[in-house]
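Participant: Numbering (the working numbering), first residue to last: 1 to 49.
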């Protein structure tokens with residue numbers, strides 16, 4: 001989303017589940033927004049020390 005062109009960001013669909021950008025193959029859920037979750041593309045993992 002950060003590097004997407006404005007035209008692509010403006011082309012979204014709202015639903016009861018969240019926001020979808022078809023041209024960017026991106027989805028943000030309402031649950032994720034309300035929970036303050038950041039980018040889940042590469043979820044953080046716990047590494048053993």
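Glycine included, C-beta positions come from ideal geometry on N, C-alpha and C. The structure displayed is predicted, hence computed values, not measured ones.
Just to confirm, is the Cβ distance from residue 23 to residue 39 under 8 angstroms?
Facilitator: No, the pair does not count as a contact, with Cβ atoms beyond the cut-off.
Participant: Can you give me the start and stop residues for the alpha helix (DSSP H) that residue 38 sits inside?
Facilitator: Going by DSSP, residue 38 is part of no alpha helix (DSSP H) at all; its letter is neither H nor E.
Participant: What is the rounded straight-line gap between the Cα of residue 29 and the Cα of residue 41?
Facilitator: 13 angstroms
Participant: Using DSSP's beta-bridge definition, name the partner residues of residue 3.
Facilitator: Answer is none; residue 3 lacks a bridge partner.
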